[in-house]
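Everything below concerns the one structure shown next.
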Amino acid sequence: MATVLIPSGNQHFPVQDYDLDATLNSGQVFRWREYGESWCGVIGSRWVRLCANDRSIYAETANPVSDWSWLTRYLQLELNIGSVLATFPVDEPMQAATAACRGLRLLRQDPWECLASFILSSSKQIVQIQQIVSLLCERYGERISVLPGYRPAHAFPSATRLGQLTETDLRGCKMGFRAAYLLETAHALAAGLFDLARLDSLSVDDARAELMRLPGVGRKIADCVLLFAYGFQSAFPVDVWVMRALRQLYFTGRSVSPKRLHRFAAEHFGPNAGYAQQYLFHYMRTGDVQRTKAKARVAKANGA
DNA sequence: TACCAGGAGAGCG
DNA sequence: CGCTCTCATGGT
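The numbering of the first sequence is the working numbering, which starts it at 3 and goes up by one.
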């Protein structure tokens, strides 16, 4: 008797060293909401609810799924995190950061959504970015189905859709001066003047240079997109938090220019510098770095 | 109230 | 190259 594969809307994925909470809450993505023990979000045109424990991630969707590769790719479930951590320098700050953020991962996001989100991120706090992106999707994204009892969900609006709007429409989503940048970038993509898919085939430096041609995209935002959407793991976004982390942990608090920090990052952190950056960012932002330093002071006081 | 936020771009010397 | 200013809005 032939086995029939019946598409189902739920699936278990075994995992190891995967901290879903930290991963979805580490400033690399802005669309996930926590519901008690689970997270709800949208990947492409699919709504999904994720529930994690030490050994597995359980996924539920609103519609039956026969091929889960969209999810395994997004969550990077096939990645052996140990092989990444093994490339990190063995110094005190990285030891502390990787210990404090064990299981923190990088996602593989959709390039357009990632690009648009980070254009909106400039000089904004993470809670505000979430608010802006949420408004944008609710107003202009296509409605998608969710499991009974959950809040309505929307896909991220396409570049074509955003390109049809006015700057006033976008400013209505609280994005301020970023509206013009987002609109112009949407126009460039919608008109076919810029091809995000082509960046895959370029070197990291060429891909970065291409992204930086877009309005509202400088070095930092380009590096975020390279790292979070394309998987260029040497890309090293330097924002205020990472700047502070590097100064404090590697330059005895001295002021160092972003240019020098990029050179230091490439030399010191190696081929997965971007991954190391995410650990430092999260370590800094969660305040764990302060606790580690406090412990060190106590230990030193006791020892002396 | 003042300051800051996962910055970029323009103008200046 | 490096510095400074502005842009819009809300959190702390």
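For every residue, glycine included, the Cβ atom is placed at its ideal position computed from N, Cα and C.
For D225, the nearest candidate out of L216, N12, R210, R215 (CA to CA) | R210
Which residue or residues does DSSP assign as beta-bridge partners of I146?
-> A155
N- and C-terminal bounds of the beta strand (DSSP E) containing F315 = There is simply no residue 315 to check, as the chain begins at 3 and stops at 306 in what is shown.
Indicate the three-state DSSP secondary structure (helix, strand or coil) for R51 in the structure shown.
-> strand
When the Cα atoms are used, what is the spatial distance from R221 to G165?
-> 24 Å
Using the Cα positions of K295 and N65, report the straight-line distance between them to the nearest angstrom.
-> 48 Å
Of all the alpha helix (DSSP H) runs that stay within the bounds of the region 26-109, which reach a length of 4 or more residues?
-> 71-77, 83-87, 94-102
Start-to-end residues for the alpha helix (DSSP H) that takes in F196 = Looking at the DSSP string, F196 is not in any alpha helix (DSSP H), and its letter there is neither H nor E.
Report the three-state DSSP secondary structure of V291 (helix, strand or coil).
-> helix
Under 8 Å, do V67 and S160 count as touching if we go by C-beta distance?
-> no
If we count Cβ pairs, one from each stretch, closer than 8 Å, do we get three or more for the region 133-140 versus the region 151-159?
-> yes
Quick one: Cα of D19 to Cα of S28, how far?
-> 16 Å
Mark Q292 as exposed unless 16 or more other C-beta atoms lie within 10 angstroms of its C-beta, in which case mark it buried.
-> exposed
If we ignore side chains and look at the alpha-carbon of each, how far apart do G194 and Q235 end up?
-> 27 Å
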